[in-house]
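K.L.:
Take this structure first; my questions come after.
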Amino acid sequence: MKKNVKNALALSMMLAVTGGTVAFANTDTESKVTAKTEVTSVSEPETIMAEQKKVQGFIVNEGKIIDISEAGEDGTQVVTISNEQGGLRFSVNAGSVIVDRETGKSTSASSLTKGIVVSVIYPELSPMGMSMPPYLGSATVIVANADKGEYIVGHFDESFTDENNKLKLNIGDDTVLANSGVSKIGVTPDMVKGQNALVFYTVTTRSIPAQTTPSFIMVLEKDNKDVSEPTDSNVDEETKETEEGTIDWLPLRDTAEAKGFTVTWQGRDKAILVEKADSSIKITIDEALFAVDGKEKEAATPATLVDGVMYVSSEVLS
302 MKKNVKNALA LSMMLAVTGG TVAFANTDTE SKVTAKTEVT SVSEPETIMA
352 EQKKVQGFIV NEGKIIDISE AGEDGTQVVT ISNEQGGLRF SVNAGSVIVD
402 RETGKSTSAS SLTKGIVVSV IYPELSPMGM SMPPYLGSAT VIVANADKGE
452 YIVGHFDESF TDENNKLKLN IGDDTVLANS GVSKIGVTPD MVKGQNALVF
502 YTVTTRSIPA QTTPSFIMVL EKDNKDVSEP TDSNVDEETK ETEEGTIDWL
552 PLRDTAEAKG FTVTWQGRDK AILVEKADSS IKITIDEALF AVDGKEKEAA
602 TPATLVDGVM YVSSEVLS
């Protein structure tokens, strides 16, 4: 019996140390099979995240929420997750970047509840509090319901292939593009090249690398201070001269989120959706026409993207 226990422990330690290598070896095996022909068939999604915990300066820490506590009068909460790596504590507030893997949309801190699985993405050199579990502070991005679909955090090159040559992105017209930092809307496919990104996807081809048309891509920014583009939060309400006179011109995201809406960018040539439980607004860049709960209306001036900030006339969000 003791000998069996020792053997089991030895095997467990060997797998723990070589887990990434074993997974990569499986990929090599598949390569030998597919190298003979060009395979373009579609397969069920492969779980890549289990192998990829560290990507070009980012850490991905996934676990189940076991505790949520208040931490101050500003509405900040401290969330504790549990996993085999010892868990993690991190803070969330109204400004936290949270995306829901189940819905594929941005969501609020209220969606983080005990018992759900989340993935916490943060820079590798983030300061950590010396506690058990360690305290991170704020994360770059939090993925709620991380076990409800496939996702990957990777560094993508000029051909949209991740650094491990496991996944190549075929960005489609319906792929939602976003940014974790200041440029939350107005992201283009070229902005993904040479960057770290969080990607939601479903099926992949049986090829090396596997190819997929992702449903959602969020470019990850390490340090927002290094980005020169203005944020909605530091852009005040402006005025714009038209033939009809002066009108109010509002930064869309900050104004909408202050009213309890979430803002979803669907690509440069697609509509922007501004939604909450009982209402939705559909806006298109460079167009004055917009729709409120499906009813078309016309704004005094077209929605306009200026230096990464989307502006709309005041009646759109009235």
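Heads up: the sequence shown is residues 302 to 619, going by my numbering. Heads up, the beta-carbon is just placed ideally off N, CA and C, and yes, glycines get one too.
Could you give the first and the last residue of the continuous alpha helix (DSSP H) run that contains D401?
P.N.:
Run containing D401: none in the alpha helix (DSSP H); it sits in the beta strand (DSSP E), 399 to 401.
K.L.:
Below 8 Å, how does it come out for the segment 469 to 479 and the segment 417 to 432: are there three or more Cβ pairs, yes or no?
P.N.:
Output reads no: the segment 417 to 432 does not touch the segment 469 to 479.
K.L.:
Assign M249 to one of three DSSP states: helix, strand, or coil.
P.N.:
Lying before the first or after the last residue shown, residue 249 is absent from the chain, which here runs from 302 to 619.
K.L.:
Under 8 Å, do V488 and N497 count as touching if we go by C-beta distance?
P.N.:
No. Outside cutoff.
K.L.:
Looking at L413: is its Cβ nearer than 8 Å to the Cβ of V442?
P.N.:
The answer is no: Cβ separation not under 8 Å.
K.L.:
DSSP on K415, reduced to helix/strand/coil?
P.N.:
Here K415 sits in coil by DSSP.
K.L.:
Kindly provide the ranges of any alpha helix (DSSP H) runs that are 4 or more residues long and lie completely inside the segment 551 to 590, ordered along the chain.
P.N.:
With a minimum length of 4 residues, the continuous alpha helix (DSSP H) runs that stay inside the segment 551 to 590 are 553 to 559.
K.L.:
Under a three-way DSSP split, which group does L426 fall into?
P.N.:
Coil, per DSSP.
K.L.:
Could you compute how far the alpha carbon of N362 sits from the alpha carbon of L389?
P.N.:
If I take the Cα positions, the gap works out to 8 Å.
K.L.:
Tell me whether L389 sits in a helix, a strand or coil according to DSSP, three-state version.
P.N.:
It is a strand residue.
K.L.:
So, at 7 Å on beta carbons, what are the nonlocal neighbours of L551 in its own chain, with the 5 sequence-adjacent residues on each side left out?
P.N.:
Contacts found: E538, Y612, V613, S615, L618.
K.L.:
Tell me which residue opens and which closes the beta strand (DSSP E) that N480 is part of.
P.N.:
From DSSP, the beta strand (DSSP E) with N480 extends over 477 to 480.
K.L.:
How long is the line joining the alpha carbons of D475 and S407, rounded to whole angstroms?
P.N.:
Cα-Cα distance, rounded: 16 Å.
K.L.:
To which residues of the same chain is I584 closer than 6 Å at the C-beta, ignoring the five residues directly before and after it?
P.N.:
Answer for I584: I573, F591, A604, listed in chain order.
K.L.:
Pick out whichever of F517, V398, N466 has its Cα sitting closest to the Cα of S508.
P.N.:
Comparing Cα positions, the closest option is N466.
K.L.:
Would you call the CB atoms of V419 and I366 closer than 8 Å?
P.N.:
Contact: yes.
K.L.:
Starting from G396 and walking both ways along the beta strand (DSSP E), at which residues does that stretch end?
P.N.:
Segment: none, G396 is in no beta strand (DSSP E) and carries neither H nor E.
K.L.:
Given a cut-off of 8 Å on the beta-carbon distance, is the pair V628 and V493 in contact?
P.N.:
With the chain covering only 302 through 619, there is no way to say anything about residue 628.
K.L.:
With distances taken from CA atoms, which of A589, T462, D491, S409 is nearest A559?
P.N.:
If we check each option's Cα against that of A559, S409 comes out closest.
K.L.:
So the beta strand (DSSP E) V361 belongs to, where does it begin and stop?
P.N.:
Note, V361: beta strand (DSSP E), 359 to 371.
K.L.:
So what does DSSP say about Q410, is it helix, strand or coil?
P.N.:
Checking the sequence, you will find Ala at residue 410 rather than Gln. It is helical.
K.L.:
Report the rounded CA-to-CA distance for A395 versus T563, giving the unit in angstroms.
P.N.:
Looking at the two C-alpha atoms, the distance is approximately 12 Å.
K.L.:
If we ignore side chains and look at the alpha-carbon of each, how far apart do L478 and E464 end up?
P.N.:
So the two alpha carbons sit approximately 20 Å from each other.
K.L.:
Starting from E597, trace the beta strand (DSSP E) both ways and give me its first and last residue.
P.N.:
596 to 599 is the extent of the beta strand (DSSP E) around E597.
K.L.:
Could you please give me the residues that DSSP links to D463 through a beta bridge?
P.N.:
Answer is F457.
K.L.:
Count the other C-beta atoms from every protein chain shown that fall within 10 angstroms of the C-beta of S411, then say buried if there are 16 or more, exposed otherwise.
P.N.:
Classification of S411: exposed, given that the 10 Å Cβ count is below 16.
K.L.:
Hey, how far is the Cα of K598 from the Cα of T404?
P.N.:
Looking at the two C-alpha atoms, the distance is approximately 28 Å.
K.L.:
L618 by DSSP, collapsed to three states: which one?
P.N.:
L618 falls in the helix class under three-state DSSP.
K.L.:
Could you have a look at A447 and say whether DSSP puts it in helix, strand or coil?
P.N.:
The answer is helix: DSSP assigns A447 an H, G or I state.
K.L.:
Please identify the residue among D448, I369, A601 whose C-alpha is closest to the C-alpha of K415.
P.N.:
Of the listed residues, the one whose Cα sits closest to K415 is I369.
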